[in-house]
Each structure stands twice: as C-alpha cells, then as structure tokens.
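Asker:
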Amino acid sequence: MQNKSWAKIIGVIVLTIIVSLLTVRFSDSSKGFSGSSVYDRVVSSGIIRACYVVYPPDSIKDPNSGKLSGVFVDVLNKAAENMSLKVDWNAEVGWGELIEALNSNRCDVVGSGIWSNSARGKSSEFTVPVFYSAINAYVRASDYRFDSNVKIANNKSYKIATIDGETAQLIAKRQFPNAQLVQLPQLTDVSQMLLNVIDGKADMTFIEPTVANAFMKSNPGKIKNATVSRPVAVYGNVILVKKGEFGMKSSLDNAINELLSNGYVDDVLNQYEKEYPGGFYRVTVPYVVSK
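In structure tokens:
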C-alpha cells in the first residue's frame, strides 16, 4: 500500500516536470518568433518600414499627392535599393513620437533625417551621418539686442519659440534655461517658430540655415541670423534605429557609407542645395588621395 502511494507521488512529480518543460519550450519558441530582430524582419519581408517627420529639405511632402521627396527620402530609397530592399514610408510622426514609434514596432526606422543629440541616443541607435547641420539663433531683423552676445537671451525677460520634442526645445533648455519657452505642438511646421519671432510672441528661435534661408526668401527683411560666425550647435543628420538593433544599424551604415563614397550623397545634396542653400555641412572623406 505504501509502495503504491509513493508510486503515485513520483508519477505526479514526473508529470509536473514534463508539463513544465513543454511549457518552457513552447514559450521560448513563441518568444523567438515574436521577438525576432528588426533586421531579420526586414530581410524576410524585403521591406524597410520608415516613419518620417515632414522637415524640408530632409523630407518634403507634396500637399496634393502626398508624395515624399527630399535628401533622406532619396538616400534611404537608394540605400534600400542597393540592398535589394524597398522602403515603405508608412507613418508620419511628431518630434516627440520618434522613440515610441520604434519601440512599438510602428516602423523599423525613422528615415527622414534626425539630429543625433544625446537625449535621443539614450533610447535609440544612430546611423552614420549623411551630412551635418548648423543650428543658428534667429531674431527679428530690427532687433539688435543680441548682436554682440546671444547668451543675453538666457534671462526670464526673453522668450524662445520651440516645438515640443524638437531640437530647438533641447537647445533652449540646456543653453538658455532661464528664458521663457513658447512651446508649439509636435506636428507644427518649424517655420511657425520663425513666425512667432516676427509676430513678437517670441524674441528668438533656433533653426538650421536651409529652413531659415528659404523662409527669408519668402519673407524678406523680417528675420536675421544672430549667430552667423558661431552656430549655437552642430549636429549630424542620421537615421534612427531602435535601441540595441545593431544588425539593422550596421547594414544601413554600410549602405550609407557606400553612397557617401561613390558620390551619390553629393549629387543629392547638390540637387537640393539649389532651393535650400547654405545649410549642408558635408561629411569629409576618411582618406587622402596620394599625388
């Protein structure tokens, strides 16, 4: 009788172990499928799903057709083509949604060109830069208060126009923490920051010359660059990849480096520089040609 009891106990233990092992095995298999890397999914599907922020000249959206163009649109499309892949520009996002869009798998990359600041680097990976951008301080054309030193604006008496999640906001908080912020919603066109300066709602904003020069062409005599000789910041323009997805980052790095080396990026920049002059700081080649 006692032997039968022990046999039942041992049988229950063995059955429990078997069920546990099967549960772990199926759980791991399921996790392996759903937790595949971005790189694996892209190679399997043949498609890079790219979120984008409309920000000329990096990404330009035709208001009628919705068709995208721009420096980064052309570069990423070509990089994908060279890897026998295609790009699906599947979602427009706001500046404050970049990391969330990657983490939620809404897209595989943010492909429209993003400045590589440390706040974003904490939560995402950057590709190598396609080019660099200077960010300058812009004020009203008739405002001479900041001609000798823009740091005067680091005072509660002054207002700086920013967009939520955009780099102007980051610069203002870090370099001008005492100034008041006039914050605009995420999907606001960046030119609205310049309009806020013109209208007197703000005293200053930070933006790159390509955008400001195009704005000044349409609005002559309204604003001026207060930091011509020394930009407030210089950032690399990169593609954003989900944190830890080094397979995807490495593939894009190689593809972008190829386009930098074979002159494709230069040709694209030359094309857009006609309409957006003065803002492309080109990547220098990492070699010297022997004479």
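For reference, each letter of the sequence shown is one residue, going 0 to 290 in numbering that gives the first Met the number 0. Where is the CB? At the ideal position from N, CA and C, for every residue including glycine. Source: prediction; values computed, not measured.
Does the structure place the region 133 to 141 close enough to the region 192 to 211 that three or more beta carbon pairs sit under 8 Å?
Answerer: Counting Cβ pairs under 8 Å, three or more are found: they touch.
Asker: Considering only C-alpha positions, which residue in the set Leu239, Gly246, Ser217 and Asn253 is nearest to Asn116?
Answerer: The residue you call residue 116 lines up with position 117 of the sequence shown. Selected option, being the one with the closest Cα: Leu239.
Asker: Kindly provide the ranges of any alpha helix (DSSP H) runs that are 4 or more residues long and lie completely inside the region 205 to 273, ordered along the chain.
Answerer: If we require 4 residues or more, the alpha helix (DSSP H) runs fully inside the region 205 to 273 come out as 208 to 217, 245 to 260 and 263 to 272.
Asker: Which of the three DSSP states, helix, strand or coil, is assigned to Arg139?
Answerer: Here residue 139 refers to the residue found at position 140 of the sequence shown. The answer is strand: DSSP assigns Arg139 an E or B state.
Asker: Looking at the strands, I want to know which residues DSSP matches up with Phe130.
Answerer: Along the sequence shown, read from residue 1 onward, the residue named residue 130 stands at position 131. Phe130 is bridged to Asn236.
Asker: Which stretch, first to last residue, makes up the beta strand (DSSP E) that contains Asn195?
Answerer: Reading the sequence shown from its first residue, position 196 is the one you call residue 195. No beta strand (DSSP E) contains Asn195, which is instead part of the alpha helix (DSSP H) from Ser190 to Ile197.
Asker: For Thr187, does the three-state DSSP call read helix, strand or coil?
Answerer: Taking the sequence shown and counting its residues from 1, one reaches residue 187 at position 188. Coil at Thr187, not helix or strand.
Asker: In three-state DSSP terms, what is Lys85?
Answerer: Here residue 85 refers to the residue found at position 86 of the sequence shown. Lys85: strand per DSSP, three-state reduction.
Asker: Inspect the beta-carbon positions of Pro128 and Val282 and report whether they are closer than 7 Å.
Answerer: Within the sequence shown, residue 128 is the residue found at index 129, counting from 1. Within the sequence shown, residue 282 is the residue found at index 283, counting from 1. Against a cut-off of 7 Å, the Cβ pair of Val282 and Pro128 comes out as a contact.
Asker: Where does Phe71 fall in DSSP's three states?
Answerer: In the sequence shown, the residue the question calls residue 71 occupies position 72. DSSP places Phe71 in helix when its eight states are reduced to three.
Asker: Nearest to Asn104 by CA position, among Gln168, Lys223 and Lys242, is which residue?
Answerer: Within the sequence shown, residue 104 is the residue found at index 105, counting from 1. Checked all of Gln168, Lys223 and Lys242; the closest Cα to Asn104 is Lys242.
Asker: Taking the C-alpha atoms as reference points, what is the distance between Tyr157 and Ile222?
Answerer: The residue labelled residue 157 in the question sits at position 158 within the sequence shown. The residue labelled residue 222 in the question sits at position 223 within the sequence shown. For Tyr157 and Ile222, the distance between alpha carbons rounds to 17 Å.
Asker: Give a yes or no on whether the C-beta atoms belonging to Val52 and Asp107 are separated by under 7 Å.
Answerer: Numbered from its first residue, the sequence shown carries residue 52 at position 53. Numbered from its first residue, the sequence shown carries residue 107 at position 108. No.
Asker: At which residues does the alpha helix (DSSP H) containing Lys66 begin and terminate?
Answerer: Indexing the sequence shown from 1 puts residue 66 at position 67. Element bounds for Lys66: n/a, residue is neither H nor E.
Asker: Kindly indicate which three-state DSSP category Gly110 falls into: helix, strand or coil?
Answerer: Along the sequence shown, one-based indexing puts residue 110 at 111. Three-state DSSP puts Gly110 in a strand.
Asker: Looking at the secondary structure, which residues open and close the beta strand (DSSP E) in which Thr161 lies?
Answerer: As a first step, residue 161 must be located in the sequence shown, where it is residue number 162. First-last of the beta strand (DSSP E) with Thr161: Lys158 to Ile162.
Asker: Flag this pair as touching only if the region 216 to 231 and the region 242 to 261 have three or more C-beta atom pairs under 8 Å; answer yes or no.
Answerer: Judged by Cβ distances under 8 Å, the region 216 to 231 makes no contact with the region 242 to 261, as fewer than three pairs qualify.
Asker: With C-beta atoms as the reference, is Val86 less than 7 Å away from Asn76?
Answerer: Residue numbering aside, residue 86 sits at position 87 when the sequence shown is read from its first letter. Residue numbering aside, residue 76 sits at position 77 when the sequence shown is read from its first letter. Yes; because the gap between Cβ atoms is below 7 Å, this pair is in contact.
Asker: If you draw a straight line from the alpha carbon of Val227 to that of Ala178, how long is it in whole angstroms?
Answerer: Taking the first residue of the sequence shown as position 1, residue 227 is located at position 228. Taking the first residue of the sequence shown as position 1, residue 178 is located at position 179. Approximately 21 Å between the Cα atoms of the pair.
Asker: With H, G and I counted as helix, E and B as strand and the rest as coil, what does DSSP make of Ser117?
Answerer: Stepping through the sequence shown from its first residue, residue 117 is reached at position 118. Here Ser117 sits in helix by DSSP.
Asker: Under three-state DSSP, which class holds Ala49?
Answerer: Here residue 49 corresponds to residue number 50 of the sequence shown, with the count starting at 1. Strand at Ala49.
Asker: Grouping DSSP H, G and I as helix and E and B as strand, with all else coil, what is Arg281?
Answerer: Counting from 1 along the sequence shown, the entry for residue 281 is found at position 282. Of the three classes helix, strand and coil, the one that applies to Arg281 here is coil, per DSSP.
Asker: Could you pull out every residue in the same chain whose Cβ sits closer than 7 Å to the Cβ of Leu169, ignoring the five residues on either side in sequence?
Answerer: Along the sequence shown, read from residue 1 onward, the residue named residue 169 stands at position 170. Cβ within range, chain order: Asn116 and Ala118.
Asker: Report back the beta-carbon spacing between Leu171 and Leu180 to the nearest angstrom; my notes put them in contact at under 8 Å.
Answerer: Numbered from 1 along the sequence shown, position 172 holds the residue referred to as residue 171. Numbered from 1 along the sequence shown, position 181 holds the residue referred to as residue 180. Note that residue 171 corresponds to Ala in the displayed sequence, not to Leu. Contact holds; Cβ gap of about 6 Å.
Asker: On a Cα-Cα basis, can you pick out the residue from Val231, Gly277, Ile47 and Asn148 that is closest to Ser83?
Answerer: Working through the sequence shown from its first residue, we reach residue 83 at position 84. Here the closest residue by C-alpha is Ile47.
Asker: For Ala90, which of helix, strand or coil comes out of DSSP?
Answerer: Locating residue 90 in the sequence shown gives position 91, counting from the first residue. Reduced to three states, the DSSP call for Ala90 is strand.
Asker: Leu304 bridges to which residues according to DSSP?
Answerer: The displayed coordinates of the chain run from 0 to 290. Any statement about residue 304 would go beyond what the structure contains.
Asker: Using 10 angstroms around the beta-carbon of Val37, count the other beta-carbons present and answer buried if the total reaches 16, otherwise exposed.
Answerer: Numbered from 1 along the sequence shown, position 38 holds the residue referred to as residue 37. By the neighbour-count rule (16 or more Cβ atoms within 10 Å), Val37 is buried.
Asker: Using a threshold of 7 Å, state whether the C-beta atoms of Tyr131 and Tyr271 are closer than that.
Answerer: Start at 1 with the first residue of the sequence shown, and residue 131 comes out as number 132. Start at 1 with the first residue of the sequence shown, and residue 271 comes out as number 272. Cβ atoms of Tyr131 and Tyr271: not closer than 7 Å.
Asker: Throw me the rounded Cβ distance for the Ala78 and Ala90 pair, which I believe falls under 8 Å.
Answerer: Your numbering for residue 78 matches position 79 in the sequence shown. Your numbering for residue 90 matches position 91 in the sequence shown. In fact, because the Cβ distance is near 19 Å, the residues do not count as touching under 8 Å.
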